[in-house]
Amino acid sequence: MRARPAPHQRLLATLAPWSVLGAATFGGAAVVAGAFEAGYGPRWFSIVVALVVVAAAGWDVRRRLKEGTGDRLFAAYEGPILWVVAAWIAMRGLGAHVPHTYIIGAALLAWLVATRPTSVALFAAGAAAVLEVGLWITGHQPLAALIVQTLLLAGAAFGLRLFARSQVYREQVEAERVQRHEEAEVQARARDFGLLTAQAPAIRELPSADERPTVGRATLDYLTESFHLQLDVLRHGMGLTTAAVLWRAPDGLVLRGCSSSRADLAPGPYPAGLGIPGSVLRDVPEVTVAPVHANFAGLPYYDGPGGVGSAMAVAIPAPSPVEGPSPGTAGVLCVDRAATDPWTETERLVVRAAARKMGLDVATGQRLKHTDHERSTVRRFCIALQQLNGALGLEQVADASLEASRAMVPADLAVVSVVKGDVHRVVQAAGHHAERFADLQFTPDEGLVGKAIELKTSLPATGEYKGKRPVFTAGDKLDEMRSLLIVPLSKPDGETIGALTVASREPGAFASPNREMLELIAGQVAVKLDLASAHEQIREMATTDGLTGLTNHRTFQQAFTTMLSRADRREDPLCFILTDIDHFGNLNNTYGHPFGDEVLRGVAGVLHRAVRKIDLAARYGGEEFAVILEGSDLEGGRALAERIRTEIEGLVFTHETKGEVRLTSSFGVAAFPGDGRTKEKLIAHADLALYHAKAQGRNRVVAFADLPPDAEMPQKKKDASES
Numbered sequence: 030m031r032a033r034p035a036p037h038q039r040l041l042a043t044l045a046p047w048s049v050l051g052a053a054t055f056g057g058a059a060v061v062a063g064a065f066e067a068g069y070g071p072r073w074f075s076i077v078v079a080l081v082v083v084a085a086a087g088w089d090v091r092r093r094l095k096e097g098t099g100d101r102l103f104a105a106y107e108g109p110i111l112w113v114v115a116a117w118i119a120m121r122g123l124g125a126h127v128p129h130t131y132i133i134g135a136a137l138l139a140w141l142v143a144t145r146p147t148s149v150a151l152f153a154a155g156a157a158a159v160l161e162v163g164l165w166i167t168g169h170q171p172l173a174a175l176i177v178q179t180l181l182l183a184g185a186a187f188g189l190r191l192f193a194r195s196q197v198y199r200e201q202v203e204a205e206r207v208q209r210h211e212e213a214e215v216q217a218r219a220r221d222f223g224l225l226t227a228q229a230p231a232i233r234e235l236p237s238a239d240e241r242p243t244v245g246r247a248t249l250d251y252l253t254e255s256f257h258l259q260l261d262v263l264r265h266g267m268g269l270t271t272a273a274v275l276w277r278a279p280d281g282l283v284l285r286g287c288s289s290s291r292a293d294l295a296p297g298p299y300p301a302g303l304g305i306p307g308s309v310l311r312d313v314p315e316v317t318v319a320p321v322h323a324n325f326a327g328l329p330y331y332d333g334p335g336g337v338g339s340a341m342a343v344a345i346p347a348p349s350p351v352e353g354p355s356p357g358t359a360g361v362l363c364v365d366r367a368a369t370d371p372w373t374e375t376e377r378l379v380v381r382a383a384a385r386k387m388g389l390d391v392a393t394g395q396r397l398k399h400t401d402h403e404r405s406t407v408r409r410f411c412i413a414l415q416q417l418n419g420a421l422g423l424e425q426v427a428d429a430s431l432e433a434s435r436a437m438v439p440a441d442l443a444v445v446s447v448v449k450g451d452v453h454r455v456v457q458a459a460g461h462h463a464e465r466f467a468d469l470q471f472t473p474d475e476g477l478v479g480k481a482i483e484l485k486t487s488l489p490a491t492g493e494y495k496g497k498r499p500v501f502t503a504g505d506k507l508d509e510m511r512s513l514l515i516v517p518l519s520k521p522d523g524e525t526i527g528a529l530t531v532a533s534r535e536p537g538a539f540a541s542p543n544r545e546m547l548e549l550i551a552g553q554v555a556v557k558l559d560l561a562s563a564h565e566q567i568r569e570m571a572t573t574d575g576l577t578g579l580t581n582h583r584t585f586q587q588a589f590t591t592m593l594s595r596a597d598r599r600e601d602p603l604c605f606i607l608t609d610i611d612h613f614g615n616l617n618n619t620y621g622h623p624f625g626d627e628v629l630r631g632v633a634g635v636l637h638r639a640v641r642k643i644d645l646a647a648r649y650g651g652e653e654f655a656v657i658l659e660g661s662d663l664e665g666g667r668a669l670a671e672r673i674r675t676e677i678e679g680l681v682f683t684h685e686t687k688g689e690v691r692l693t694s695s696f697g698v699a700a701f702p703g704d705g706r707t708k709e710k711l712i713a714h715a716d717l718a719l720y721h722a723k724a725q726g727r728n729r730v731v732a733f734a735d736l737p738p739d740a741e742m743p744q745k746k747k748d749a750s751e752s
């Protein structure tokens, strides 16, 4: 039985070997005819020619990257010649607007000479020479330009050729080519046998995730060897000419195992509908032909017809998936021999059994791969929990949460947000356009995130997203995303403290079991965030003055030592400011200590607003405050102290019975290294300057450098509350 190809299939098969050369010839003729010169009449014709050549070149490159050159006629030459024509179209088309476009052709020819066999490079150089001479003959370039460009092209090609003759370079190029081919072949076999498993792309972000090699490659090698052994047994045991396995692939049928005594085997791929394998794929489980006519061509793995006396093709059942029905036929086991005798029932039983055995081998391999994938998933989950358990602060927990989430699922964007009072704040974001969400704040009821927190359930229910509904606020629709999952972060007592949001450009990215794994991770994240929040509060209580919210005295002393050491190491300036509220004792006695506390908080607010993030403002003790300015010299410190003094002077406090109350402050400034190189010296000198500011009438800024050399602190300082 023989299935004949359709007429359009025969036409395409006839024209395919000549399509690239045809496009190159068409484009080259247009170049020589001047279609790309300035002033050429019908521009539409030039555009059409360029599009045809560029499309053909792109298709040729894509086919080579995907399939290689195979054994097509002129396969090694057609691509380089077409690339040369495309380069000359670009050179002539851009020549009127861009100078020195001949560099394009020089670079292409040099690359071809360095990376292609000599015969191929000579053909490409010959095509370039034909184009150049043709342009001169048709009057589109002068003789001088022809000579100069020819010398340039030859020089570039010859120079790179000398470099490419290096044995090390040649071996490296060849090794890379072989490696790419082997990797592509392994990937294709794994795909055909169903051994490719989607792995989380961000697993490398977990530092302890040293994944061991999976069973995938070992299973693939086993299947390949098993097929070859079984085919050898069939061929020698049954007196066959050839026993071959043709497997379903995206582009038809591919040869996945063969044992033959003939040398004229075609490597494939083969059209899925041709010959007796095509009949088997059309739900005919078995086809036997005996005898066959002399020009029998129903076996696509032979280069030509004839040489076959009888043939048989049996369906290889597709492996049953872990879930769902079997998809049908995965491939075809073909056998043939020179003898024209009909196939006996015993022979047919043997071939059927071999086909079933091959199907079972693939099914076993897929189950091993599935089990290995589950093991890898569980391992990644454990590593994610380990990362979370090692985090303490809020930022650390958020970072670990994002790494864990992106390690578990193929997420292009992951965001951790927390709710505190009436504010929902993004703590950390990673992935695609993560900068858009840095420190984003919104109300807890906004967007899909707010709805998920309100309902305390993961949204959207299907995990699909069409880019229309706002996720956080009205202005942050994720138009490019096709999968979205918002998982509320709920503590064991049911309180929701935030959300874990993941998004992917791939549809169906968060279907089961990814959804369940994320929800498990989210439960642990909620617990860790709650603990991190408590840890932050404890740390804040240990380092912050409870009344003013500024750094407390103990932490100030530690920070001063660190900042001064850093300034000394970097040879940077540093300025220290000490300030005291004038007559604060009288204020306390007159208005009461609660009002005095309000005044302290107000002054602390002025200091907090005045300093930068790299600086430090602290409550030094009682009504005294200290400021350390990194990278600021004396004049910078004096200017900031004056600004703070002016703002404190402008503060107005209202007492419930005595009305408005105003106050002033005095400041002492000392600078490193001029006023001292140690913490003790700087504090003492700033304190002396502060004393003289008070002695000179208060409400002023005095720097230690302003004092006379004999200025001293009295043995017993007057109390700041005394006149």
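All the letters of the sequence shown, read from the start, carry residue numbers 30 to 752 under my numbering. We put the CB at the ideal spot given by N, CA and C, even for glycine.
For the alpha helix (DSSP H) containing residue i, list its first residue and its last residue.
i    : result
L477 : 476-484
W372 : Neither: W372 is in no alpha helix (DSSP H) and is coded neither H nor E.
V632 : 622-639
S148 : 147-166
L593 : 582-599
How big is the Cα-Cα spacing for residue i and residue j?
i    : j    : result
G336 : T270 : 9 Å
P737 : A718 : 11 Å
P521 : P473 : 20 Å
V49  : A59  : 16 Å
A136 : Q208 : 26 Å
I133 : S533 : 39 Å
M510 : T130 : 41 Å
R454 : H210 : 50 Å
A555 : V640 : 34 Å
G578 : R729 : 25 Å
G460 : A443 : 6 Å
C287 : G155 : 41 Å
L636 : A551 : 40 Å
W112 : F55  : 13 Å
G650 : H612 : 15 Å
R366 : D401 : 41 Å
F65  : R206 : 36 Å
Between the Cα of residue i and those of the options, spot the shortest distance and give me the residue it belongs to.
i    : options                : result
P348 : R264, N543, A384       : A384
E600 : A154, D522, R706       : R706
A740 : R595, R727, R729, A713 : A713
P334 : A326, I677, A79        : A326
V215 : G184, A183, D250       : D250
F682 : R648, D505, L692       : L692
S21  : L593, H684, E685, D611 : Past the edges of the chain, shown from 30 to 752, lies residue 21, and the structure says nothing about it.
G281 : K642, Y299, P542       : Y299
V628 : L645, I610, R638       : I610
T358 : L182, T591, M120, D221 : D221
S670 : E432, V445, A646       : Per the sequence presented here, residue 670 reads as Ala, with Ser not at that position. For the residues E432, V445, A646, the minimum Cα distance to A670 belongs to A646.
Within the continuous beta strand (DSSP E) that includes residue i, where are the two ends?
i    : result
F605 : 603-610
D457 : Note on identity: in this sequence residue 457 is Gln, with Asp being the wrong assignment. Residues 452-460.
T530 : 525-533
V730 : 730-732
K649 : In the sequence as presented, Lys is not what sits at residue 649; that position holds Tyr. Residues 645-650.
A655 : 653-659
H684 : 682-684
Using three-state DSSP, classify residue i as helix, strand or coil.
i    : result
Y494 : coil
F701 : strand
V445 : strand
D468 : coil
H322 : coil
R6   : Since the first residue of the chain shown is 30 and the last is 752, residue 6 is not available in this structure.
R691 : coil
E212 : helix
S519 : strand
M341 : strand
D508 : coil
Pairing CB atoms from the segment 692-699 with CB atoms from the segment 657-674, are three or more of them under 8 Å? yes
Inter-stretch contact at 8 Å, needing at least 3 Cβ pairs: the segment 143-161 / the segment 79-90: no
For the segment 306-318 against the segment 390-398, are there 3 or more C-beta pairs whose distance is under 8 Å? no
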